[in-house]
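In the working numbering, the protein residues as written are 10 to 455.
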């Protein structure tokens, strides 16, 4: 029997890590990360999420030591203080907090919901999503939706794009100015929409694929133009504000692009970076990155503190529910192994008894059925009380009791597994919850 695996996670995020450290932990993308983790010993499931604010990975293993080992090389070049490691319960809670926007640079931002869904689909395509991570991620997304419909956690500044514009407005006068948005993805679109509500007179959207930029232009009422990235050297010197948000692995704005510019603010919200930091050394040019948005977002955090407490209450309730379901499944796995072991003993002893009875005189079908019913009843009655105890033990995280029960009731146990806290659990037999007699299962559910 395969035990219900436990989740282990690792996070490199903006709260503890720099932009460069998050980028270094990102590897070659979600699918490559998931494929690499699935190749590690003991890993049954894997999920990764990579955004401009975080690089995270999660695995499901039967033994907690395998999970820790598989994730040990996730961010090898990142200092220890920037890497947060999560056990099963911490992983579940952290995913809910991420989906709710509580872990975002801009508290309550909406973009993370779409990013998590995309990461889930990519991880699924790479073969990484199984029953444990499916429950964990879908529960997190559900909590994220509840947070936004039942509280006002997402009121006000809700994206890096809008936070970037807020930062720029504090630095320069945008009235009748020209703003350049580099990138036509979700963050670039949000930045353009936010700029549309300011006093800028023109918005230029630059993108590798011009038709995508044209789509963003259609989203705003301000006079706007779509151009290619190749036009940036000519456009940036005439701009007052540049917001970059591409998905390019290479630098998009080079120092030479700001030659001849007057006062221009460049805000780089891309991961990895779009703007060469050296551009900030030019006179009149100021370059900000994601780390610099902290001051802007801190004011939003203060206003949303009360709403965040409401979201945390939702998370507490949902976490209790999913942990209860997980623990029940753990207990059912152990109970199934116990019944499987008992069924093997029952079958063996029935064969012996039937052989002896046959030797004493032929048995008819009704007599055989009576003997078999007697054996089933004995097994069910003997194991009903231990079954209740095992479920109580799982609810109290008492994995030692589950291990001991397996040793007592399944003499053929051979392999070792672990509970989510590292306690040994014995893997034995085949079968699943269906091996519990229906009469006993009905009694337990009452």
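Glycine included, every Cβ here is placed at the ideal spot set by N, Cα and C. Bear in mind the structure is a predicted one, so any value in this text is a computation, not a measurement.
In this structure the region 183 to 198 does not touch the region 319 to 339; the number of beta carbon pairs closer than 8 Å is below three. Take residue 40, set aside five residues on each side of it, and the residues of its chain with a beta-carbon closer than 6 Å to its own are 131 and 135, in chain order. Nearest to residue 115 by alpha-carbon distance, out of 401, 407 and 314, is 314. Here the region 261 to 270 lies against the region 289 to 299, with 3 or more beta-carbon pairs under 8 Å apart.
Assigned with DSSP and collapsed to three states, residue 390 falls in helix. Residue range 314 to 369 is occupied by the alpha helix (DSSP H) that includes residue 348. In the DSSP secondary-structure assignment, residue 262 is bridged to 284.
In this structure, DSSP gives residue 293 a state outside helix and strand, which the three-state scheme calls coil. DSSP, reduced to helix, strand and coil, places residue 74 within a helical segment of the structure shown. Cβ neighbours of residue 293 within its own chain (closer than 7 Å, five residues either side excluded): 270, 271, 272 and 273.
The secondary-structure analysis by DSSP pairs residue 216 across a beta bridge with 237. Excluding the 5 residues flanking it on each side, residue 225 has same chain C-beta neighbours closer than 6 Å at 193, 198, 201 and 214, in chain order.
The beta-carbon separation of residue 66 and residue 18, rounded to 7 Å, stays under the 8 Å limit for a contact. Taken in chain order, the whole alpha helix (DSSP H) runs of length 4 or more contained in the region 164 to 201 are 169 to 180.
Residue 271 carries a coil assignment under DSSP once its states are collapsed to helix, strand and coil.
Three or more Cβ pairs closer than 8 Å define a contact, and the region 245 to 260 meets that threshold against the region 158 to 177. Between residue 62 and residue 103, the CB-CB gap reaches or exceeds 7 Å.
DSSP, reduced to helix, strand and coil, places residue 210 outside both helices and strands of the structure shown, so it counts as coil.
Annotation for residue 240: 215 place their beta carbon closer than 8 Å to its own, counting only its chain and skipping 5 residues before and after. In the three-state scheme derived from DSSP, where H, G and I count as helix and E and B as strand, residue 56 is classed as strand. Taking all protein chains in view, the Cβ of residue 336 is crowded by 16 or more other Cβ atoms within 10 Å, so the residue is classified as buried. If only uninterrupted beta strand (DSSP E) runs of at least 3 residues are considered, those enclosed by the region 58 to 117 are 63 to 70 and 93 to 95.
The Cβ-Cβ distance between residue 52 and residue 68 falls below 7 Å. Distance check between residue 79 and each of 49, 144 and 56 places 49 closest, using alpha-carbon atoms only. With respect to the 7 Å criterion, residue 181 and residue 249 are classified as neighbours on the basis of their beta carbons. Taking a 10 Å sphere around the C-beta of residue 147, we find fewer than 16 other C-beta atoms and assign the residue as exposed. Contact between residue 153 and residue 109 is confirmed by a C-beta separation of about 5 Å, below the 8 Å threshold. With contacts defined by Cβ atoms closer than 7 Å, residue 235 and residue 223 form a contacting pair.
The C-alpha of residue 358 is placed about 16 Å away from the C-alpha of residue 391. Residue 205 places its beta carbon less than 7 Å from that of residue 231.
Comparing C-alpha distances from residue 404 to each of 385, 340 and 350 shows the shortest one belongs to 340. In the DSSP assignment, residue 123 falls outside any beta strand (DSSP E) and within the unbroken alpha helix (DSSP H) covering 120 to 134. Per DSSP, the continuous alpha helix (DSSP H) segment holding residue 158 begins and ends at 140 to 159. The beta carbons of residue 21 and residue 81 sit about 14 Å from each other, so the pair does not count as a contact at 8 Å. Per DSSP, the continuous alpha helix (DSSP H) segment holding residue 43 begins and ends at 39 to 47.
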